[in-house]
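**Student:** Have a look at this one.
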């Protein structure tokens, strides 16, 4: 099915090349989501991700900042960045999620690969293009959709080549990006999301309700009430979850000692961190690290 003459789509269709811990990995997921499936808190991946929504009125949060989306905007999310999609009430929303990893060291091409992936590290990594350019860029994804259904010994290589063409077009046409965030929020919503953005940027520092209230010129009581109403979290829980999510990334991606990770992410003591981590994740930090190392080892050839 061709959606709005742009993007081929088939419900619950997926394409996989290798596993997520392999140097080269692709997972294309064509599916629908509803408001009921909105994630409670922002999450992260150890790989790159592209989100393409095909319905109006969706939002995406990146490190606490909300962005309004139009159909077929491309959200480019680098590894270990906290993010969350927010789907509107009503009919299910079609979307395409592409998760992938590229080899870090390719003789003679490492610089080019680094530049391609640099598009994911823009200040606002969301892309919106004019109709003609949009069709050119999405044609590469449509090629992958069609080629993946064929029995071809070169299938995985062709998917890789076509996706590299897609990333190249994205990189070469960054200057034509028309995305402007026109998020329609009340002044209080803007203030609260300014607070969430500040938390994501300063979670390693000491943060308190009183200090944040003073910094954003709002009473502590009113900030506490409005923060819960707008985000669904108490301010304390939001700060703790932001810290915990960043520590999860450290536990998966580094060998840093757990105590050092806790202190580097803003926790005042290890006992406090251990209690908070168990509360939000349901296991100890050492169990979490061990579990993910076992999972990673099982994926190795």
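Residue numbers (the numbering used here): 385 to 685. From the three backbone atoms N, C-alpha and C, an ideal C-beta is built for every residue, glycine too.
1. Within 10 angstroms of the Cβ of residue 605, are there 16 or more other Cβ atoms? Answer buried if so, exposed if not.
2. What are the boundary residues of the beta strand (DSSP E) that residue 547 is part of?
3. Can you give me the Cβ contacts of residue 574 inside the same chain, cut-off strictly under 7 angstroms, excluding the 5 residues immediately before and after it?
4. With distance defined between alpha-carbon atoms, name the residue in 641, 569, 621 and 540 nearest to residue 451.
5. Quick one: what does DSSP say residue 504 is sitting in, helix, strand or coil?
6. Less than 8 angstroms separating the beta-carbons of residue 464 and residue 599?
7. Rounding to the nearest angstrom, what Cα-Cα distance links residue 447 and residue 581 in this structure?
8. State whether the segment 532-541 contacts the segment 479-493, with contact taken as three or more CB pairs (one from each stretch) at a distance under 8 angstroms.
9. For residue 441, does the three-state DSSP call read helix, strand or coil?
10. What residue range does the beta strand (DSSP E) around residue 453 cover?
11. Confirm the yes/no value for this check: CB of residue 469, any heavy atom of the ligand SAM, distance under 7 angstroms.
12. Below 8 angstroms on the Cβ atoms is my contact criterion, and I expect residue 561 with residue 511 to pass it. Report the Cβ-Cβ distance as a whole number of Å.
13. Can you tell me whether DSSP reads residue 400 as helix, strand or coil?
14. Residue 485 and residue 409 look like a contact to me (Cβ under 8 angstroms); what is the Cβ gap, rounded to whole Å?
15. Three-state secondary structure (DSSP) at residue 590?
16. Tell me the rounded alpha-carbon separation between residue 595 and residue 624.
17. Along the chain, where does the beta strand (DSSP E) containing residue 477 start, and where does it finish?
18. For residue 615, count neighbouring C-beta atoms within 10 Å of its own C-beta (all shown protein chains included) and say buried if the count is 16 or more, exposed if not.
19. Excluding the 5 residues preceding and the 5 following residue 423 in the sequence, name in chain order all residues of the same chain whose CB lies nearer than 8 angstroms to its CB.
20. Exposed or buried, residue 633, counting other C-beta atoms within 10 Å across all chains shown (16 or more means buried)?
21. Straight-line CA distance for residue 514 to residue 506?
22. Where does residue 656 fall in DSSP's three states?
23. Is it the case that the Cβ atoms of residue 438 and residue 387 are separated by a distance below 8 angstroms?
24. Got a sec? Which residues, its chain only, sit under 6 angstroms from residue 542 by beta carbon, not counting five neighbours each side?
25. In the DSSP assignment, what residue or residues form a beta bridge with residue 498?
26. Sort 497, 597 and 630 by Cα distance to residue 619 and report the nearest one.
27. Exposed or buried, residue 679, counting other C-beta atoms within 10 Å across all chains shown (16 or more means buried)?
28. From residue 525 to residue 564, what does the alpha carbon distance come to, in whole angstroms?
**Tutor:** Per the coordinate set shown:
1. Here residue 605 corresponds to residue number 221 of the chain shown, with the count starting at 1. In summary, residue 605 is exposed, with fewer than 16 beta-carbon neighbours lying within 10 Å of its beta-carbon over all protein chains present.
2. Along the chain shown, read from residue 1 onward, the residue named residue 547 stands at position 163. Taken as a continuous stretch (DSSP letters only), residue 547 belongs to no beta strand (DSSP E), being part of the alpha helix (DSSP H) at 539-556.
3. Sequence index remark: in the chain shown, residue 574 carries index 190 (1-based). Counting only Cβ-Cβ distances below 7 angstroms, and skipping sequence neighbours, we find nothing.
4. As a working mapping, residue 451 is identified with position 67 in the chain shown. For the residues 641, 569, 621 and 540, the minimum Cα distance to residue 451 belongs to 569.
5. For the purposes of this step, residue 504 is taken as residue 120 along the chain shown, with counting starting at 1. Helix, per DSSP.
6. For the purposes of this step, residue 464 is taken as the residue at position 80 of the chain shown. For the purposes of this step, residue 599 is taken as the residue at position 215 of the chain shown. No, they are not a contact pair.
7. Residue mapping note: residue 447 aligns to position 63 of the chain shown, counting from 1. Residue mapping note: residue 581 aligns to position 197 of the chain shown, counting from 1. In a straight line, the C-alpha of residue 447 is about 6 angstroms away from that of residue 581.
8. no
9. By 1-based counting over the chain shown, the position of residue 441 is 57. Residue 441 falls in the coil class under three-state DSSP.
10. Stepping through the chain shown from its first residue, residue 453 is reached at position 69. Looking at the DSSP string, the run of the beta strand (DSSP E) that includes residue 453 is 449-453.
11. With respect to small molecules bound, the structure shown includes none, and the ligand SAM cannot be examined in it.
12. Taking the chain shown and counting its residues from 1, the one referred to as residue 561 is at position 177. Taking the chain shown and counting its residues from 1, the one referred to as residue 511 is at position 127. 5 angstroms between Cβ atoms; contact.
13. Translated into positions along the chain shown, residue 400 becomes position 16. Correct three-state label for residue 400: strand.
14. Position 101 of the chain shown, counted from the start, is the residue given in the question as residue 485. Position 25 of the chain shown, counted from the start, is the residue given in the question as residue 409. Indeed, because the Cβ distance is near 4 angstroms, the residues count as touching under 8 angstroms.
15. By one-based count along the chain shown, residue 590 stands at place 206. DSSP places residue 590 in coil when its eight states are reduced to three.
16. As a position in the chain shown, residue 595 is number 211, starting the count at 1. As a position in the chain shown, residue 624 is number 240, starting the count at 1. The alpha-carbon atoms of residue 595 and residue 624 are separated by roughly 16 angstroms.
17. Taking the first residue of the chain shown as position 1, residue 477 is located at position 93. Start and end: 477-485.
18. Here residue 615 is taken as the residue at index 231 of the chain shown, counted from 1. Buried: at least 16 other Cβ atoms inside 10 Å.
19. As a first step, residue 423 is located in the chain shown; it is residue number 39 there, counting from the start. If we look at residue 423 and ignore the five residues flanking it on each side, its Cβ neighbours are 468 and 469.
20. Residue mapping note: residue 633 aligns to position 249 of the chain shown, counting from 1. Within a 10 Å sphere around the beta-carbon of residue 633 sit 16 or more other beta-carbons, which makes this residue buried.
21. Walking along the chain shown from the start, residue 514 turns up at place 130. Walking along the chain shown from the start, residue 506 turns up at place 122. Distance between residue 514 and residue 506, taken at the CA atoms: about 20 angstroms.
22. Taking the first residue of the chain shown as 1, we reach residue 656 at position 272. In the structure shown, residue 656 sits in a helix (DSSP, three-state: H, G or I).
23. Residue 438 sits at position 54 when you count from the first residue of the chain shown. Residue 387 sits at position 3 when you count from the first residue of the chain shown. Against a cut-off of 8 angstroms, the Cβ pair of residue 387 and residue 438 comes out as a contact.
24. Along the chain shown, one-based indexing puts residue 542 at 158. Correct list, in chain order: 531.
25. Here residue 498 is taken as the residue at index 114 of the chain shown, counted from 1. Partner(s): none; residue 498 has no beta bridge.
26. Position 235 of the chain shown, counting from 1, holds the residue named residue 619. That would be 597, whose Cα lies nearest to the Cα of residue 619.
27. Position 295 of the chain shown, counting from 1, holds the residue named residue 679. With a pLDDT of only 47 at residue 679, under 50, the local geometry of the prediction cannot be trusted, and the value read off the model is given with reservation. Exposed, by the Cβ-count rule.
28. Working through the chain shown from its first residue, we reach residue 525 at position 141. Working through the chain shown from its first residue, we reach residue 564 at position 180. Their Cα atoms are separated by approximately 24 angstroms.
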